[in-house]
Amino acid sequence: QPTSSNLRPAINGDVKNHFAPRLVGCISRSLRPVFIFLRVLALFPVLIQRGTNRRRKRWRRLTTTVLLFNIAIALIFLNGYLTKMNVTLILLYEENFGLMHASTVSAIISGLKPFIACFLIALFTFRIKTHTRLIRLIDAVDLSFRSAFRASPPVRKYTLWFFTSSAVLFLIPFVYRIVEYVQTGMVFGDDPLNDSAFILVPMLTVWNIVPLMYYSLHNKIVRFYLTTLIKALDKEHQRRVFSLKFYYEQFLRITVIQEKIGTFFNPYILFSLSWSVAVLCLTIYFMTQDHASLSQPITAEQFLDSEMRAILNKRVHFAIGWATIQVVVAALHIMIICHTGMLTNERTRQVVNAVLRIVPDQNADLDRFQIACFVHKMTTQFMWGMTVWRAFPLERSTFFTLFSLIVTYSFLLLKLRDNPNVAPIMTNIVTIVNASNAITAVDTR
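Using my numbering, you'd call the opening residue of the sequence shown number 1 and step up by one each time.
Shown next, in the form of structure tokens:
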């Protein structure tokens, strides 16, 4: 049975027992398919260095890293160009149809995808050192837990979940794009941009959601270590194997992982919650307005042509469908971020509960001191736990607070719409604007 004395060199990577040859870098090896997928998306443009590398391989690593960084920069410019095109399209829709038209609102919501992808690629690229430190730290802690408890996270199961979710999130917009292509009468080869959208549009959805699943993957690994620690503490009731000092050392290692996860993912979490809440609020605002329009303004020639009119209506409905997909993604971000952080924080507190259930042994004073250390560490959870950039912790209260704010916002808009002092003013403004648009349309024709 290993003791706390042979755990310390495990963290430094100098283990010389029978565990060492097959455990160094075990988590990073198991997550290699995930890292390759992240490199394809330009979210991890670097190779992980394992052990001492030969000189003849250094130039390969350097060349690969430079190539990956160039691909990341190229994808940033590509998404920036798509964002610029979406802004131009939004301004065109707003000028011709108005802000509260379905095409305009759908373009705003769907147009966020390339902007989000551009931000995420830049964020993950420029924080690559923090990312690699996090991976190495998890490798070291995993080696420690394997040596002490002979337990390691089921990374294959987590990887299967990761890729299954990615495949589903890719197939949904891909199939929807095919249906839209057929129903709206598009011809393959007429527009290269529309043809490339078969791959580009689903990839934008994957870009939006993969960092969220990657964040959840790291939390699953942390919760496994916490569960292992809790089970070991519960067995201490039958027979004392390790001292509380040893468990406190393992607990500190897990808290360091949580702190590093927060350091790396905090900007992403804050950004994701911000755009998700903004998308939900814009959707609710559009749905609660009387002057919101679902019809497509068309010319007299298009109005007389029933086939053209049907195609235009289908395009509006498909645009609403794309916006609906993005709204669902926004809601998933809020729920998964809050749920993942809540599970990790609650599992961390269960460690202290397991410690408090242990009956002190002969050296009661030392045990009391270690218990006090556990309790004191938990009082500072807001500094190293799962939080939104230390502004507020990810707890049940956070999710219900966001939910109540969105519901309150919806009822407030409905109340303003039904208010007799507000509704006539808005109706008159919309009537005047629509009339001026109609006159402008007649003059142009």
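Glycine included, C-beta positions come from ideal geometry on N, C-alpha and C. These figures come from a predicted structure and were not determined experimentally.
{"Item": "With DSSP run on the structure shown, which of helix, strand or coil describes Arg-445?", "Value": "For Arg-445, the pLDDT reaches just 32, beneath the cut-off of 50, and the residue's location in the model is therefore unreliable, although a value from the coordinates is still provided. Here Arg-445 sits in coil by DSSP."}
{"Item": "Which class does Pro-153 belong to by DSSP, given the choice of helix, strand or coil?", "Value": "coil"}
{"Item": "Check whether the stretch 94 to 101 and the stretch 65 to 72 are in contact - that is, three or more C-beta pairs closer than 8 angstroms.", "Value": "no"}
{"Item": "Which ranges does the alpha helix (DSSP H) cover as unbroken runs of at least 4 residues, wholly within the stretch 226 to 313, from first to last along the chain?", "Value": "244 to 287 and 300 to 304"}
{"Item": "Output yes or no for whether 8 angstroms exceeds the beta carbon distance between Phe-174 and Phe-198.", "Value": "yes"}
{"Item": "Check for me: the alpha helix (DSSP H) holding Ala-117 runs from which residue to which?", "Value": "112 to 126"}
{"Item": "Note down the Cα distance separating Ile-284 from Lys-231, rounded to an integer number of angstroms.", "Value": "46 angstroms"}
{"Item": "Short of 8 angstroms in beta carbon distance, which residues of its chain neighbour Pro-424, apart from the five on each side in sequence? Order them along the chain.", "Value": "Unreliable placement is indicated for Pro-424, whose pLDDT of 44 sits below 50; no coordinate value is reported for it."}
{"Item": "Below 8 angstroms between beta carbons: does that hold for Leu-270 and Ile-209?", "Value": "no"}
{"Item": "In three-state terms, what does DSSP make of Thr-340?", "Value": "helix"}
{"Item": "Taking only three categories from DSSP, how would you classify Pro-393?", "Value": "strand"}
{"Item": "Roughly how far, in whole angstroms, is the beta-carbon of Ile-325 from the beta-carbon of Thr-205, given that I think they are within contact range, below 8 angstroms?", "Value": "7 angstroms"}
{"Item": "Please determine, among Arg-156, Ile-73, Pro-45 and Thr-88, the residue with the shortest C-alpha to C-alpha distance to Cys-26.", "Value": "Arg-156"}
{"Item": "So, helix, strand or coil for Ala-107, using DSSP?", "Value": "helix"}
{"Item": "Helix or strand or just coil, what does DSSP make of Thr-380?", "Value": "coil"}
{"Item": "Pull up the distance between the alpha-carbon of Trp-384 and that of Val-201, whole angstroms please.", "Value": "37 angstroms"}
{"Item": "Under 8 angstroms by Cβ, that's how I've got Ser-103 and Ala-330 pegged, so tell me the actual separation to the nearest angstrom.", "Value": "About 19 angstroms; that fails the 8 angstroms criterion."}
{"Item": "Name the residue from Ser-106, Gly-80 and Tyr-81 whose alpha carbon lies nearest to the alpha carbon of Val-279.", "Value": "Ser-106"}
{"Item": "Once the 5 residues before and after Ile-135 are set aside, which same chain residues still bring their CB inside 7 angstroms of it?", "Value": "Ser-28 and Ile-48"}
{"Item": "Measure from the alpha carbon of Leu-356 to the alpha carbon of each residue in His-376, Thr-344, Gly-341 and Ile-337, then state which is nearest.", "Value": "His-376"}
{"Item": "Please list the terminal residues of the continuous alpha helix (DSSP H) segment that includes Ser-37.", "Value": "A quick correction: the sequence has Phe, not Ser, at residue 37. Run containing Phe-37: 32 to 40, per the alpha helix (DSSP H) assignment."}
{"Item": "With a 10 Å radius around its C-beta and 16 neighbouring C-beta atoms as the bar for buried, classify Asn-79 as buried or exposed.", "Value": "buried"}
{"Item": "Less than 8 angstroms between the CB atoms is what I'm expecting for His-317 and Ile-261, so what's the real figure, rounded?", "Value": "At roughly 41 angstroms, the Cβ-Cβ gap does not stay under 8 angstroms, so His-317 and Ile-261 are not in contact."}
{"Item": "Going by DSSP, name the residue or residues bridged to Thr-387.", "Value": "Pro-393"}
{"Item": "Please confirm whether Pro-267 and Asn-345 have their CB atoms less than 8 angstroms apart.", "Value": "no"}
{"Item": "Flag this pair as yes or no: are the beta carbons of Pro-211 and Leu-120 separated by less than 8 angstroms?", "Value": "yes"}
{"Item": "Using C-beta distances below 6 angstroms, list every residue in its chain close to Asn-86, excluding the 5 sequence neighbours before and after it, in chain order.", "Value": "Gly-111"}
{"Item": "With burial defined as no fewer than 16 other Cβ atoms inside 10 Å of the residue's Cβ, what is the status of Asp-191: buried or exposed?", "Value": "exposed"}
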